[in-house]
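Below, the structure is given as structure tokens:
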């Protein structure tokens, strides 16, 4: 199949808007999915299959025994972050932090490109779906490089999952990203990642199973070039984390992410 036809097929399968399933808490869209005339409105279509277990009302002992050191899990209804969610709407964030300078990073493993600009400029001019004609290129978006003193008034309202691991400390990483953006496969210490608005697709492999990927290409490029050829036994665990849900990943698990909508998210890294 010609490259142009493959690209069109990818877009037909993955860039069509799809309604989200009902979730535990109705988070709305926070104003993040509203676009002006002529702006792209496509979002990557969600697959219904999920290979990661969802748990509500999980106890700490169950978490340690069944998940903390062995497998990912999606947590539901463990904390009430309705106040934090309200403060993360497009209107509220622009009002509070529009003039704040944020650092945009490239998600790709071998790229160290950084761009500093006002948060409002990023939201109004750069926060758009991934360009389908440049899937292998750098994707600049806001994640991780937070000025904690400047953003402290927001973070103080966030309630992280009530689970910790002995000998670790928690650090927050907050982000806002456009549809089709994401982070290629990588690994680090354990952590939690909560979707505040939007949807985020996760692909995960255990530490002993190194995925096939090009570290300087986007997740969307991997989805086009590598994923379709994987045998069932070679495919990752995958699931779409909905707004109000938290994914936990254990230490050294490989993971890649793909934002299916304009997404607001916060991670709690245990290190």
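Numbering (mature numbering (1 follows the signal peptide of the UniProt record, and there is no 0)), first residue to last: -25 to -1, 1 to 246.
We treat Cβ as the ideally placed atom computed from N, Cα and C, and that holds for glycine.
Could you give the residue range of the alpha helix (DSSP H) that holds residue i?
i           : result
residue 68  : 65 to 72
residue 41  : 35 to 41
residue 194 : 194 to 200
residue 245 : Looking at the DSSP string, residue 245 is not in any alpha helix (DSSP H); the run it does join, the beta strand (DSSP E), is 238 to 245.
residue 227 : No alpha helix (DSSP H) contains residue 227, which DSSP labels as neither H nor E.
Can you tell me which residues form a DSSP beta bridge with residue i?
i           : result
residue 174 : 217
residue 248 : No statement about residue 248 is possible, as the shown extent of the chain runs from -25 to 246 and does not include it.
residue 97  : None, per the DSSP bridge assignment.
residue 92  : 77
residue 31  : 51
residue 169 : 221, 241
residue 161 : 230
residue 212 : 179
What would DSSP say about residue i, mapped onto helix, strand or coil?
i           : result
residue -2  : With a pLDDT of 40 at residue -2, under the threshold of 50, the predicted position of this residue should be treated as unreliable, and no value is reported.
residue 134 : coil
residue 139 : coil
residue 12  : Any reading at residue 12 must be qualified, since the residue scores a pLDDT of 33, below 50, and its modelled position is unreliable; no value is offered.
residue 128 : helix
residue 222 : strand
residue 261 : In this structure the chain extends from -25 to 246, so residue 261 is not present and cannot be described.
Name the two residues that bound the continuous beta strand (DSSP E) containing residue i.
i           : result
residue 79  : 76 to 81
residue 148 : 145 to 152
residue 58  : Where residue 58 is concerned, there is no enclosing beta strand (DSSP E), although the alpha helix (DSSP H) it sits in stretches over 57 to 62.
residue 118 : 115 to 118
Roughly how far, in whole angstroms, is the beta-carbon of residue i from the beta-carbon of residue j, given that I think they are within contact range, below 8 Å?
i           : j           : result
residue 156 : residue 114 : 5 Å
residue 194 : residue 154 : About 12 Å; that fails the 8 Å criterion.
residue 237 : residue 102 : 6 Å
residue 227 : residue 182 : 4 Å
residue 239 : residue 151 : 5 Å
residue 27  : residue 233 : The pair is not a contact, with the Cβ atoms about 15 Å apart (cut-off 8 Å).
residue 140 : residue 31  : Contact flag wrong, Cβ pair sits at about 21 Å.
residue 119 : residue 95  : In fact, because the Cβ distance is near 19 Å, the residues do not count as touching under 8 Å.
residue 165 : residue 245 : 5 Å
When you compare the segment 170 to 180 with the segment 205 to 224, are there three or more beta-carbon pairs, one atom per stretch, that lie closer than 8 Å?
Taking 8 Å as the limit for Cβ pairs, the verdict is that the segment 205 to 224 does touch the segment 170 to 180.
Check whether the segment 123 to 143 touches the segment 51 to 62, counting contact only when three or more Cβ pairs, one atom from each stretch, lie closer than 8 Å.
The answer is yes - the segment 51 to 62 touches the segment 123 to 143, with three or more Cβ pairs under 8 Å.
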